[in-house]
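Visitor:
There are 2 protein chains.
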Amino acid sequence: MISLFNSVNEFTEYRNSLATDSIGLVPTMGNLHDGHLSLIKKSISENQYTIVTIFVNPLQFGPNEDFDKYPRTLTADVEKIKSLKIEGKEIIVLAPSSVNEIFPKNFKTTISVKDLTNTLCGASRPDHFDGVTTIVYRLFALAKASKSYFGQKDYQQVLVIRRMVEDLLIPTEVIALPINREESGLARSSRNQFLSESGRVEALELSGTILKISRLLKEKSFQEAGIEINDILEVVLRDQRWDYLEVLDAENLEAVNINTQQVVIAGALKIEETRLIDNHLTKISYAR
Amino acid sequence: MISLFNSVNEFTEYRNSLATDSIGLVPTMGNLHDGHLSLIKKSISENQYTIVTIFVNPLQFGPNEDFDKYPRTLTADVEKIKSLKIEGKEIIVLAPSSVNEIFPKNFKTTISVKDLTNTLCGASRPDHFDGVTTIVYRLFALAKASKSYFGQKDYQQVLVIRRMVEDLLIPTEVIALPINREESGLARSSRNQFLSESGRVEALELSGTILKISRLLKEKSFQEAGIEINDILEVVLRDQRWDYLEVLDAENLEAVNINTQQVVIAGALKIEETRLIDNHLTKISYAR
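Those sequence lines, one after another, are chains X and U.
Sequential numbering from 1 applies to the first sequence in our numbering.
Sequential numbering from 289 applies to the second sequence in our numbering.
1) Go ahead and label Y302 of chain U buried or exposed: buried means 16 or more other beta carbons lie within 10 angstroms of its beta carbon, across all protein chains shown.
2) Of the choices X:I44, X:V93, X:E251, whose alpha-carbon is the least far from that of N295 of chain X?
3) Give me, in chain order, the residues of the same chain whose beta-carbon lies closer than 6 Å to that of T460 of chain U; leave out the 5 immediate sequence neighbours on both sides.
4) Do N6 of chain X and P96 of chain X have their C-beta atoms closer together than 8 Å?
5) May I ask which residues mark the beginning and end of the beta strand (DSSP E) holding V314 of chain U?
6) For the beta strand (DSSP E) holding I400 of chain U, just list the boundary residues, first then last.
7) Name the residues in the region 107–127 of chain X whose C-beta lies less than 8 Å from a C-beta of chain U; which are they?
8) State buried or exposed for Q550 of chain U, treating a residue as buried only when at least 16 other CB atoms are found within 10 Å of its CB.
9) Residues of chain X with CB under 9 Å from R451 of chain U, in chain order?
10) If you measure beta-carbon to beta-carbon, which residues of the region 166–188 of chain X are closer than 9 Å to chain U?
11) Check whether the region 26–45 of chain X touches the region 53–70 of chain X, taking contact to mean three or more Cβ pairs, one atom from each stretch, closer than 8 Å.
12) So who's on the other strand from H280 of chain X, going by DSSP bridges?
13) Could you check how far apart the C-beta atoms of K212 of chain X and R241 of chain X are, in whole angstroms? I think they sit under 8 Å.
14) Decide if R215 of chain X is buried, meaning its Cβ has at least 16 other Cβ atoms within 10 Å, or exposed.
15) Quick check: G267 of chain X and Y244 of chain X, are their CB atoms within less than 8 Å of each other?
16) Using a Cβ-Cβ distance cut-off of 8 Å, determine whether Y137 of chain X contacts chain U.
17) Which word fits D167 of chain X, buried or exposed, when buried means at least 16 other C-beta atoms lie within 10 angstroms of its C-beta?
18) For K373 of chain U, which three-state DSSP category applies?
19) Output, in chain order, the set of chain X residues within a Cβ distance shorter than 9 Å of L430 of chain U.
20) Starting from the C-beta of I284 of chain X, find all residues in its chain whose C-beta is less than 6 Å away, skip the five residues before and the five after it, and write them out in chain order.
21) Bridge partners of T338 of chain U, per DSSP?
22) So what's E367 of chain U in DSSP terms, helix, strand or just coil?
23) Helix, strand or coil for E512 of chain U? Go by DSSP, reduced to three states.
24) Please find out if some non-hydrogen atom of the ligand NAP comes closer than 7 Å to the beta-carbon of L408 of chain U.
25) S43 of chain X: buried (16+ other C-beta within 10 angstroms of its C-beta) or exposed?
26) For G487 of chain U, name the three-state secondary structure that DSSP assigns.
27) By how many angstroms is the C-alpha of T497 of chain U removed from the C-alpha of D322 of chain U?
28) For T274 of chain X, which option in X:K69, X:V174, X:F11 has the closest C-alpha, if you only look at C-alpha atoms?
29) With DSSP run on the structure shown, which of helix, strand or coil describes E101 of chain X?
30) Under the assumption that A176 of chain X contacts Q193 of chain X (Cβ atoms under 8 Å), give the Cβ distance between them as a whole number of angstroms.
31) When the Cα atoms are used, what is the spatial distance from V420 of chain U to P63 of chain X?
32) Going by DSSP, what residues sit across from L151 of chain X in a beta bridge?
33) Taking all protein chains shown into account, do 16 or more other C-beta atoms lie within 10 angstroms of the C-beta of K396 of chain U, making it buried, or fewer, making it exposed?
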């Protein structure tokens with residue numbers, strides 16, 4: 001069964017009538033693709049109720065970013081959810097009819113996570129993560145779900161949300177699922193549809209470069225792979241299309257050091273005005 | 289009955305074992321005076337359990353403020369609580385043994401409330417209210433109290449906390465109690481003890497000036513009282529000892545306007561290195 005709410009008050013009333021803890025939350029900005037659907041499927045398999053929120057959150061877009069252009073496809077999204085095997089479980093879609101439904105006019109609170117948000121996407125999108133943590137907190141508080149599902153494509157976002165959940169003692173388990181990729185290797189994203197045919201080919205440079213670094217780190221110690229990796233990073237640094245490409249400690253996004261066990265190789269590449277991100281986790285050996 | 293916890297984990301375990309909603313929270317920085325005790329008494333009268341937290345929160349002190357000097361008197365505080373009529377109710381004192389108990393080393397989250405924090409104390413203490421909202425959120429999350437008690441002396445703080453509670457959907461009722469004053473009229477504060485005998489007399493200028501403005505506003509319309517009030521404010525503005533003295537809309541701390549029904553007259557005055565604050569609420573008539 002699927003129910004759709006456009007009113008936060010009506011949603012809240014319904015949510016509070018549910019006398020169960022078996023509730024999963026999948027927060028999305030809509031325009032659902034197979035990546036989102038894999039999160040929803042996982043939640044259906046693990047919970048009696050799955051709450052899917054569909055809300056393009058203005059707080060996480062910068063002034064010159066693509067908030068207005070971001071694809072809004074609610075009818076198609078609901079159809080995609082309906083096509084899933086629901087098998088006696090229940091799906092609740094919360095698609096607020098306006099920004100004021102989620103952030104009332106006199107809303108004045110911001111939640112920020114420091115350090116983790118200074119690097120990668122945080123470096124080039126200054127208020128982005130404050131917007132993310134503030135909306136996700138609000139969705140957590142509305143949904144009161146015991147489990148919450150996020151895609152690993154937004155790796156930094158997952159770390160930031162985990163930090164917030166721990167710091168603010170929010171009673172939900174954050175579950176991150178692997179990146180869902182097209183056959184070409186391109187990470188699925190609602191923004192991929194902005195790419196031309198040739199753009200889709202050019203975009204493979206993102207996953208390709210990340211994988212190349214990952215292979216080097218699997219073959220050699222971090223120090224031995226360093227020279228070749230630096231060559232790759234230097235080329236990227238001179239290339240205006242790349243916003244960043246970094247190899248960081250996967251736990252805290254700090255520089256790799258003797259205690260690092262796993263790195264995240266994360267990049268952002270702009271193709272035809274569309275900014276794409278991708279990442280890959282790799283265990284490393286750090287020669288002493 | 290009184291129980292004392294220095295460990296947040298042990299407190300949490302005990303709190304989670306309580307199967308009741310009849311819980312009041314009184315967050316304090318210790319060095320309890322009659323103002324604090326009036327909050328605790330009110331909570332005892334309204335709840336089966338009263339949680340009193342005693343924690344000098346470093347986040348709300350600026351680099352040149354009196355964090356180190358702030359009086360810490362735990363033994364005397366517990367004695368004062370013990371001397372109250374508890375009558376079958378239960379008091380739980382949470383006095384964390386270290387800052388890390390409340391803010392673990394990897395804690396990275398800040399909660400901020402905008403607009404309301406730009407004026408009065410917020411103007412001269414830039415990160416003060418972020419420190420307040422962050423600690424108070426954390427205490428709310430640990431205590432899970434249905435009611436929380438604050439003193440009206442920190443009027444701006446109460447407004448900021450109310451805003452946070454609403455924005456973050458925190459399930460506690462914020463109750464603010466009137467300022468507790470010494471016989472002289474001086475608002476009770478843990479900082480009063482830093483004053484010399486002559487300082488205590490000089491300090492009466494704070495409550496006295498605020499009351500003078502309040503009386504003018506009771507006698508005349510806001511516009512008619514305006515000239516005399518401006519004369520008072522001008523004198524204060526030239527006096528280095530005054531940090532601020534303002535007459536603002538009591539609901540939103542904005543400039544008084546045609547919709548204002550009540551004002552807060554709030555001041556901060558430095559006497560012998562000790563910064564004192566005070567305020568008074570007054571209903572106004574606004575001639576049209």
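Note that CB positions come from ideal geometry on N, CA and C, so glycine has one too.
Predicted model only: the values in this text are computed from it and were never measured.
Guide: In terms of the structure at hand:
1) On the second sequence, position 14 is the one that residue 302 of chain U refers to. Burial call: exposed.
2) Residue 295 of chain X is absent from the model: chain X starts at 1 and stops at 288.
3) Indexing the second sequence from 1 puts residue 460 of chain U at position 172. Beyond the five residues adjoining it in sequence on each side, T460 of chain U comes within less than 6 Å, by CB distance, of F428, A433, S436 in the same chain, given in chain order.
4) Sequence index remark: in the first sequence, residue 6 of chain X carries index 6 (1-based). Sequence index remark: in the first sequence, residue 96 of chain X carries index 96 (1-based). Result yes, Cβ atoms of N6 of chain X and P96 of chain X sit closer than 8 Å.
5) On the second sequence, residue 314 of chain U is found 26 positions in, with the first residue counted as 1. Segment 311–316, the beta strand (DSSP E) holding V314 of chain U.
6) Within the second sequence, numbered from 1, the residue matching residue 400 of chain U stands at position 112. In the sequence as displayed, the identity of residue 400 of chain U is Ser instead of Ile. First-last of the beta strand (DSSP E) with S400 of chain U: 397–401.
7) Sequence-ordered contacts of the region 107–127 of chain X with chain U read F107, K108, T109, T110, I111, S112, V113, K114, D115, L116 [C-beta pairs closer than 8 Å].
8) For the purposes of this step, residue 550 of chain U is identified with residue 262 of the second sequence, where counting begins at 1. Result: exposed.
9) Residue mapping note: residue 451 of chain U aligns to position 163 of the second sequence, counting from 1. By Cβ distance, chain X contributes N106, F107, K108, T109.
10) For the region 166–188 of chain X, which is checked against every Cβ of chain U, the residues closer than 9 Å are E166, D167, L168, L169, I170.
11) Judged by Cβ distances under 8 Å, the region 26–45 of chain X makes contact with the region 53–70 of chain X, as three or more pairs qualify.
12) What you label residue 280 of chain X is simply residue 280 of the first sequence in a count that begins at 1. Note: H280 of chain X sits in a beta bridge opposite X:I265.
13) On the first sequence, position 212 is the one that residue 212 of chain X refers to. On the first sequence, position 241 is the one that residue 241 of chain X refers to. With 8 Å as the limit, K212 of chain X and R241 of chain X do not qualify as a contact, their Cβ atoms being about 17 Å apart.
14) Numbered from its first residue, the first sequence carries residue 215 of chain X at position 215. Residue environment analysis places R215 of chain X among the exposed positions, since fewer than 16 neighbouring C-beta atoms fall within 10 angstroms of its C-beta.
15) On the first sequence, residue 267 of chain X is found 267 positions in, with the first residue counted as 1. On the first sequence, residue 244 of chain X is found 244 positions in, with the first residue counted as 1. In contact: G267 of chain X and Y244 of chain X (Cβ atoms closer than 8 Å).
16) Within the first sequence, the letter at position 137 stands for residue 137 of chain X. Closer than 8 Å: yes.
17) As a working mapping, residue 167 of chain X is identified with position 167 in the first sequence. It counts as buried.
18) Taking the second sequence and counting its residues from 1, one reaches residue 373 of chain U at position 85. Coil at K373 of chain U, not helix or strand.
19) Residue numbering aside, residue 430 of chain U sits at position 142 when the second sequence is read from its first letter. In chain order: L169.
20) Position 284 of the first sequence, counting from 1, holds the residue named residue 284 of chain X. Only L217, F222, V263 meet the Cβ criterion.
21) Taking the second sequence and counting its residues from 1, one reaches residue 338 of chain U at position 50. Under DSSP, T338 of chain U shares a beta bridge with U:G312, U:I379.
22) By 1-based counting over the second sequence, the position of residue 367 of chain U is 79. Here E367 of chain U sits in helix by DSSP.
23) The residue given as residue 512 of chain U occupies position 224 in the second sequence. For E512 of chain U, the three-state secondary structure derived from DSSP is helix.
24) Annotation note on the ligand NAP: not contained in the displayed structure, which lists no ligands.
25) Here residue 43 of chain X corresponds to residue number 43 of the first sequence, with the count starting at 1. It is buried - the Cβ of S43 of chain X has at least 16 other Cβ atoms within 10 Å.
26) Reading the second sequence from its first residue, position 199 is the one you call residue 487 of chain U. Here DSSP, grouped into helix, strand and coil, assigns G487 of chain U to helix.
27) On the second sequence, residue 322 of chain U is found 34 positions in, with the first residue counted as 1. On the second sequence, residue 497 of chain U is found 209 positions in, with the first residue counted as 1. If you draw a straight line from the Cα of D322 of chain U to the Cα of T497 of chain U, it is about 23 Å long.
28) By one-based count along the first sequence, residue 274 of chain X stands at place 274. Checked all of X:K69, X:V174, X:F11; the closest Cα to T274 of chain X is X:K69.
29) In the first sequence, residue 101 of chain X corresponds to position 101, counting from 1. Here E101 of chain X sits in helix by DSSP.
30) Looking up residue 176 of chain X in the first sequence gives position 176. Looking up residue 193 of chain X in the first sequence gives position 193. Taking 8 Å as the upper bound for CB-CB distance, A176 of chain X and Q193 of chain X are not in contact here, some 24 Å apart.
31) Along the second sequence, one-based indexing puts residue 420 of chain U at 132. Along the first sequence, one-based indexing puts residue 63 of chain X at 63. In this structure, the CA atom of V420 of chain U is about 30 Å from the CA atom of P63 of chain X.
32) As a first step, residue 151 of chain X must be located in the first sequence, where it is residue number 151. Residue identity check: residue 151 of chain X is Gly in the sequence provided, not Leu. G151 of chain X is bridged to X:L177.
33) Within the second sequence, the letter at position 108 stands for residue 396 of chain U. Its Cβ being crowded by 16 or more others within 10 Å, K396 of chain U is buried.
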